[in-house]
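Asker:
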Amino acid sequence: MTGAIAQARTFSRPTKVLLINQFTINIGFYMLMPYLAGHLSYTVGLATWAVGLVLGVRNVAQQGMFLVGGSVADRFGYRPAIIAGLALRVVGFTLLGLVTSLPALILGAALTGLAGALFNPAVRAYVAAEAGDRQTEAFAVFNVFYQAGILLGPLVGLALMTVNFGAVCLVAAATFAVLMLVQLGVLPARTAPAAGPAGVLAGWRTVVGNRSFVLFSVAMTGSYLLNYQVYLALPIQVRQVTGSERWAAALFVVSGALTVLGQVRVTTWIRRRWTAPGALIAGVLLMTGAFLPPLLAAGRPPDITGPLATAIALGPAVASCALLALATMIVYPFEMATIVSLARDQLVATHYGFYNTVSGIGIAAGNLLVGAAYDLATRNGWPAVPWLMLCMTGLASAVALYGLWRHGHLGRAPSERDVVAV
Numbered sequence: 071m072t073g074a075i076a077q078a079r080t081f082s083r084p085t086k087v088l089l090i091n092q093f094t095i096n097i098g099f100y101m102l103m104p105y106l107a108g109h110l111s112y113t114v115g116l117a118t119w120a121v122g123l124v125l126g127v128r129n130v131a132q133q134g135m136f137l138v139g140g141s142v143a144d145r146f147g148y149r150p151a152i153i154a155g156l157a158l159r160v161v162g163f164t165l166l167g168l169v170t171s172l173p174a175l176i177l178g179a180a181l182t183g184l185a186g187a188l189f190n191p192a193v194r195a196y197v198a199a200e201a202g203d204r205q206t207e208a209f210a211v212f213n214v215f216y217q218a219g220i221l222l223g224p225l226v227g228l229a230l231m232t233v234n235f236g237a238v239c240l241v242a243a244a245t246f247a248v249l250m251l252v253q254l255g256v257l258p259a260r261t262a263p264a265a266g267p268a269g270v271l272a273g274w275r276t277v278v279g280n281r282s283f284v285l286f287s288v289a290m291t292g293s294y295l296l297n298y299q300v301y302l303a304l305p306i307q308v309r310q311v312t313g314s315e316r317w318a319a320a321l322f323v324v325s326g327a328l329t330v331l332g333q334v335r336v337t338t339w340i341r342r343r344w345t346a347p348g349a350l351i352a353g354v355l356l357m358t359g360a361f362l363p364p365l366l367a368a369g370r371p372p373d374i375t376g377p378l379a380t381a382i383a384l385g386p387a388v389a390s391c392a393l394l395a396l397a398t399m400i401v402y403p404f405e406m407a408t409i410v411s412l413a414r415d416q417l418v419a420t421h422y423g424f425y426n427t428v429s430g431i432g433i434a435a436g437n438l439l440v441g442a443a444y445d446l447a448t449r450n451g452w453p454a455v456p457w458l459m460l461c462m463t464g465l466a467s468a469v470a471l472y473g474l475w476r477h478g479h480l481g482r483a484p485s486e487r488d489v490v491a492v
């Protein structure tokens, strides 16, 4: 973390503000969201379907509106989109903490999701514009601050839960209110480097017509599905082998801590040795390999009992999580910089919005298949099926990326030396 802080100091003041902004956004978000379902179920007393509805509305409002949020940022400037998103999250979190009626909770969830759709593309486009030719370094540091917020947020929320969930929501809302005031006071206005065609629909047509970018977005959906298994398949696996959900927290600690400690070093090492496409392909291949430990351990419980048996049973899931974290450290900075490169510095926030929308659709569709694979494995005694499916998904994504690179969609086509290096 100290290396990331030292590197952060070398960037412009707006970039420093955005790094602190993202760190604090994640603290505010993750101090609340891990405990929202329990609050809605046990404190408010909603039926399970209603809890799912509220959480689903938040996800749809964010994923479904990313493209709109990116267009707003490109049309009106990055700073207004960031400030508007922060303001919406103040209102949304306040509602989630104070109201108990289902319509009001749905409204709060929708505003919370829309807020993320507004400021996420704008923040990334702003960082890319400020970083210039140091985009890869900037996004590496950005990921450190991002993950540090995820690590700290749930701990702050847990401490505030000793009061009640309302206190968590109000503190989170106050956090976003302070952030909004900071952006108003110290964040300079920043418009898109190139405005692109007039009109939102014309901008969308430009993005969709960018064949290389669209193909890259689709190819990368596999990596997002694999990464999401830290929230789905791996916690399910932990529950199955230990009989308790509390051990799932170890996955998030491992992932966040490794990223905070290693991101800058990994990015520096990779930049000296590989091109951006080579790093992307290698990272996605490593994501694929991350699911080999649970695949090889599937259906083989330890012959011993007690704490040692629990540790051994957790081993494959923890190893998978650690490898996913390392793979993401390799991929993320080059992925974000590649989006800017493929956008040709035009409508960058809209491109980020489209990219997030495509990845969200891929995650939703892929999770349905992962869930179906789990059901199939449980019914038929085939515990390796979901892990095998995830490995095949990762391989398909890596092959697709290599195909794009080979045909010049990701920049210079690879030479024989490049192929050997990958």
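Numbered continuously in our numbering, the sequence shown closes out at residue 492. In this text, a Cβ means the ideal position worked out from N, Cα and C, and glycines have one as well.
Give me the Cα-Cα distance between threonine 463 and serine 171, rounded to the nearest whole angstrom.
Answerer: Within the sequence shown, numbered from 1, the residue matching residue 463 stands at position 393. Within the sequence shown, numbered from 1, the residue matching residue 171 stands at position 101. Each residue's Cα considered, the two are about 41 Å apart.
Asker: Identify whether leucine 125 lies in helix, strand or coil by the three-state DSSP scheme.
Answerer: Numbered from its first residue, the sequence shown carries residue 125 at position 55. Three-state DSSP puts leucine 125 in a helix.
Asker: Quick check on serine 26: does DSSP put it in helix, strand or coil?
Answerer: Look at the range of the chain in this structure, 71 to 492, and you will see that residue 26 is not part of it.
Asker: Return the chain-ordered ranges of every alpha helix (DSSP H) run that is complete within the segment 135 to 200 and spans a minimum of 4 residues.
Answerer: Runs of the alpha helix (DSSP H) inside the segment 135 to 200: 136 to 146 and 148 to 168.
Asker: Out of Gly423, Leu362 and Leu175, state which residue places its alpha-carbon closest to the alpha-carbon of alanine 120.
Answerer: For this step, residue 120 is matched to residue 50 along the sequence shown. Residue Leu175 is the option with its Cα nearest to alanine 120.
Asker: Using only the alpha-carbon positions, how far apart do methionine 399 and glutamate 405 sit?
Answerer: Locating residue 399 in the sequence shown gives position 329, counting from the first residue. Locating residue 405 in the sequence shown gives position 335, counting from the first residue. When rounded, the distance between both Cα atoms is 10 Å.
Asker: To the nearest angstrom, how far is the alpha carbon of alanine 195 from that of valine 428?
Answerer: Looking up residue 195 in the sequence shown gives position 125. Looking up residue 428 in the sequence shown gives position 358. Going by the C-alpha atoms only, they are around 17 Å apart.
Asker: Taking only the alpha-carbon atoms, compute the straight-line gap between alanine 187 and alanine 237 and give it to the nearest angstrom.
Answerer: Taking the sequence shown and counting its residues from 1, the one referred to as residue 187 is at position 117. Taking the sequence shown and counting its residues from 1, the one referred to as residue 237 is at position 167. Taking the straight line from one Cα to the other gives about 25 Å.
Asker: Whose C-beta lies closer than 6 Å to the C-beta of leucine 156 among residues of the same chain, with five residues either side of it excluded?
Answerer: For the purposes of this step, residue 156 is taken as residue 86 along the sequence shown, with counting starting at 1. Contacts found: Phe246, Leu249 and Met250.
Asker: If we call anything under 9 Å between Cβ atoms a contact, is phenylalanine 136 one with asparagine 426?
Answerer: Working through the sequence shown from its first residue, we reach residue 136 at position 66. Working through the sequence shown from its first residue, we reach residue 426 at position 356. In contact: phenylalanine 136 and asparagine 426 (Cβ atoms closer than 9 Å).
Asker: Helix, strand or coil: how does DSSP classify aspartate 203 here?
Answerer: Taking the sequence shown and counting its residues from 1, one reaches residue 203 at position 133. Looking at aspartate 203 - three-state DSSP - the assignment turns out to be helix.
Asker: State buried or exposed for threonine 408, treating a residue as buried only when at least 16 other CB atoms are found within 10 Å of its CB.
Answerer: Residue numbering aside, residue 408 sits at position 338 when the sequence shown is read from its first letter. It is buried - the Cβ of threonine 408 has at least 16 other Cβ atoms within 10 Å.
Asker: Taking arginine 145 as the reference, which of Ala368, Ala447 and Leu417 has the closest Cα?
Answerer: Locating residue 145 in the sequence shown gives position 75, counting from the first residue. That would be Leu417, whose Cα lies nearest to the Cα of arginine 145.
Asker: Since threonine 420 and valine 277 should fall inside the 8 Å C-beta cutoff, what is the C-beta to C-beta distance between them, to a whole number of angstroms?
Answerer: Locating residue 420 in the sequence shown gives position 350, counting from the first residue. Locating residue 277 in the sequence shown gives position 207, counting from the first residue. Going by Cβ atoms, the distance from threonine 420 to valine 277 rounds to 5 Å, so yes, they are a contact pair.
Asker: Ordered along the chain, which non-local residues of its own chain (more than five positions away) have a Cβ less than 6 Å from that of glycine 139?
Answerer: Mapped onto the sequence shown, residue 139 falls at position 69. So the list reads Ala187, Leu188, Pro191 and Gly423, once near-sequence residues are dropped.
Asker: Give the DSSP-derived three-state secondary structure of phenylalanine 93 in the structure shown.
Answerer: As a first step, residue 93 must be located in the sequence shown, where it is residue number 23. Correct three-state label for phenylalanine 93: helix.
Asker: If you follow the alpha helix (DSSP H) that tyrosine 301 is in, where does it begin and where does it stop?
Answerer: The sequence position of residue 301 within the sequence shown is 231, counting from 1. Neither: tyrosine 301 is in no alpha helix (DSSP H) and is coded neither H nor E.
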